[in-house]
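Participant:
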Amino acid sequence: MAFFSRVSFRRRGRELAAAAGIVLAAAALLLTLVGNMISDNQKTMIQMQSGQLRSISESVAKQIEVFADEMASDLEMETKLNQFIEAERSLEQGQQEPMAQLLEEFLEGRKGSVEGMAWESGGQRIERWAEGQEPLTLHTASFMTEESADLAVSILQDENGWCYLKLAKMTQAGNRLSCLLSFNDIYEKTAAHIKMGKNGYVMVKSSDGLILMHQVEEQIGQKVLSGRMEMYPDLDFTDLTRLIEHQNQGRGGVEVYHSYWWIEDPPRPVKKVSAYEPAWIGDDFLIVSAVI
153 MAFFSRVSFR
163 RRGRELAAAA
173 GIVLAAAALL
183 LTLVGNMISD
193 NQKTMIQMQS
203 GQLRSISESV
213 AKQIEVFADE
223 MASDLEMETK
233 LNQFIEAERS
243 LEQGQQEPMA
253 QLLEEFLEGR
263 KGSVEGMAWE
273 SGGQRIERWA
283 EGQEPLTLHT
293 ASFMTEESAD
303 LAVSILQDEN
313 GWCYLKLAKM
323 TQAGNRLSCL
333 LSFNDIYEKT
343 AAHIKMGKNG
353 YVMVKSSDGL
363 ILMHQVEEQI
373 GQKVLSGRME
383 MYPDLDFTDL
393 TRLIEHQNQG
403 RGGVEVYHSY
413 WWIEDPPRPV
423 KKVSAYEPAW
433 IGDDFLIVSA
443 VI
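Numbering of the sequence shown is given in our numbering, commencing with residue 153 and proceeding in unit increments.
This is the structure:
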């Protein structure tokens, strides 16, 4: 009996070991399946989010293009008005009041959209500003067309770093009629209201990386890469550099990359999804990014 007991014991031990192996193998398989399911679900979620983000970036880019096109059309129409042509002739006689009046009327008709208007001819300049807007000291950050283009487009910055879009239309007399648009105002009209979770946001930058619109005011007026490298020299910008290289090609896309939440201080490392789309104005483009 003892012999059979020892044999039975050994057999039960082998059976238990085999059973334990089967359980462990099943557990490993289950973990693998669960892991694959989680991975698949994450991929599905990212794909869904990517589609939504792409729609947002495309929509905002289109709105910016339409806004700029409409303003350019308004400038062209203004230069063809008989009153405007007569006002330019009056300037040859030293009479500035008719032109100044037209600039004020243009501003009044586009209240909340245009910051300032100017007529320019060589060293002569007449300017008017929107109600409540103090005259700005501006410098050119970049050109989006040739300076000599019929519609010259440029990006300007004031002394506080805020950014503006300048459209300057050639008049029939060979002078310039220009309007100044605040990128902050454009942001409020097109993207500021868009909410994407807790930290999602829309930002817009020039093709050379100047941040024009962002929910974090401190980011506006900074270079998206060199400016942040200067602010945070110890952070890793490898993925962000690659993303910007792709965006600068003037095409839309969606990418997952490692970056930081710039709204936090110090910025927290995080994996982001960015959908980007070019907004074409003149001969150049702005880059619209929807980020989560």
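Note that the Cβ used here is the ideal one computed from N, Cα and C, for glycine as well.
1. Here's the rule I'm using: 16 or more other beta-carbon atoms within 10 Å means buried, otherwise exposed. How should K350 be labelled?
2. Quick check: L329 and Y316, are their CB atoms within less than 7 Å of each other?
3. Please work out which residues of its chain come closer than 6 Å, Cβ to Cβ, to Y339, disregarding the five sequence neighbours upstream and downstream, and give them in chain order.
4. Considering only their Cβ atoms, is the gap separating S411 from L392 smaller than 7 Å?
5. Going by other Cβ atoms of all chains shown within 10 Å of its Cβ, with 16 needed for buried, is G373 buried or exposed?
6. Does G326 pass the burial test, meaning 16 or more other C-beta atoms within 10 Å, or should it be called exposed?
7. When the Cα of I278 is compared with those of E256, A427, I444, L205, which residue comes out closest?
8. I need the straight-line Cα distance from E382 to G264, nearest angstrom please.
9. State whether the region 424 to 438 contacts the region 205 to 218, with contact taken as three or more CB pairs (one from each stretch) at a distance under 8 Å.
10. DSSP three-state call for D337: helix, strand or coil?
11. Would V356 be called buried (16 or more neighbouring beta carbons within 10 Å of its own) or exposed?
12. For E298, which residues from the same chain have a beta carbon less than 8 Å from its beta carbon, with the 5 sequence-adjacent residues on both sides left out?
13. DSSP puts A442 in a beta bridge; with which residues?
Facilitator: To lay it out plainly:
1. Burial check for K350: the Cβ neighbour count within 10 Å stays below 16, so the residue is exposed.
2. Between L329 and Y316, the C-beta spacing is not below 7 Å.
3. Sequence-distant Cβ neighbours of Y339 in its own chain, meaning closer than 6 Å and more than five residues away, are M365.
4. Yes.
5. G373 should be labelled buried.
6. Under a 10 Å Cβ-count criterion, G326 is classified as exposed, with fewer than 16 other Cβ atoms of the shown protein chains found around its own Cβ.
7. Residue E256 is the option with its Cα nearest to I278.
8. Roughly 35 Å separates the two Cα atoms.
9. Contact between the region 424 to 438 and the region 205 to 218 is present, with at least three C-beta pairs closer than 8 Å.
10. Residue state, collapsed to three classes: helix.
11. Buried, because 16 or more other Cβ atoms sit within 10 Å of the Cβ of V356.
12. Taking C-beta separations shorter than 8 Å and ignoring five residues to either side along the sequence, the partners of E298 in its chain run A304, D435, following chain order.
13. Bridge partners of A442: V354, A427.
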